[in-house]
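Step one of this worksheet: look at the structure below.
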Amino acid sequence: MGYGPDPAACIDLVDAACTVNLCGNHDYAVLFDAEGFNPIAKKSVDYHRKVLQPTPENEDSEAVRRWEWLANLEPMHEGKGFEAMHGSPRQPITEYVLPSDPEMDPLKIVDIFSAMSQHIAFVGHTHFPGVLEENNESFLMLSAVASRYRINPGTRAIVNVGSVGQPRDRNPRSCYAIYDGESILYRRVEYDVEKTVGKILSQPDIHPASGLRLRDGR
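The sequence shown begins at 406 in this note's numbering and counts up by one.
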């Protein structure tokens, strides 16, 4: 949700495939308001709201179902040894955990780790895959963990799973992560980037930059 041309299809796919679905900042903005969003992001949010929000002219059961699905997204989910949220353990929907934070804002990172209730926290807000270990002064890029991060039972970690729809680590392939309780495996998947770019460019209600950036993974 947030930038692409097919919000209804995305909801249908995720609703059918996933048992747990988390609320991100764009989901929240579609439901309520895109205050503070940059013009590119706000344009997409407004388009998604126009497509998804039931109206007197569009009150069919599918529109209502999708809107209720959005309204019932969880801000945070806890499992055995892990917690997951879009933003951070401190602010589950909106806060960025940036790769530069350990060096530029170490007190922020200390506070975020103090808010964790589990050993591992999964996030995704920056769309940038990698791992931040507690008391480590640097963010471990995906390449630094060789696409697999082995969990150290004595070290808490914040794991950014990347982004399926809009990766931003200069790699245009979709990115997701698999967690087996002992390690986290990152996977990259090729898809038809140009088809998606074309659909975005043909939709005047979405800013062209939302499509063009997909070619470079940014």
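All C-beta atoms in this analysis are idealised placements derived from N, C-alpha and C, irrespective of residue type, glycine included.
- Between I517 and Y433, the C-beta spacing is not below 9 Å.
- Taking the Cβ atoms as the reference, N565 lies roughly 7 Å from V502, within the contact range of under 8 Å.
- In the DSSP assignment, A551 falls outside any beta strand (DSSP E) and carries neither an H nor an E.
- Looking from the CA of R575, the closest CA among H532, A414, P494 belongs to H532.
- Around the beta carbon of A439, a 10 Å sphere encloses 16 or more other beta carbons of the protein chains shown; the residue is thus reported as buried.
- By the CB criterion at 9 Å, P459 and A446 fall outside the cutoff.
- In the three-state scheme derived from DSSP, where H, G and I count as helix and E and B as strand, M490 is classed as coil.
- For P572, the closest of V456, R555, R593, S552 by C-alpha to C-alpha distance is R593.
- The beta carbon of V456 sits closer than 7 Å to those of P412, A413, all from its chain and outside the five residues before and after it, given in chain order.
- DSSP places T601 within a helical segment (H, G or I) once states are collapsed to three.
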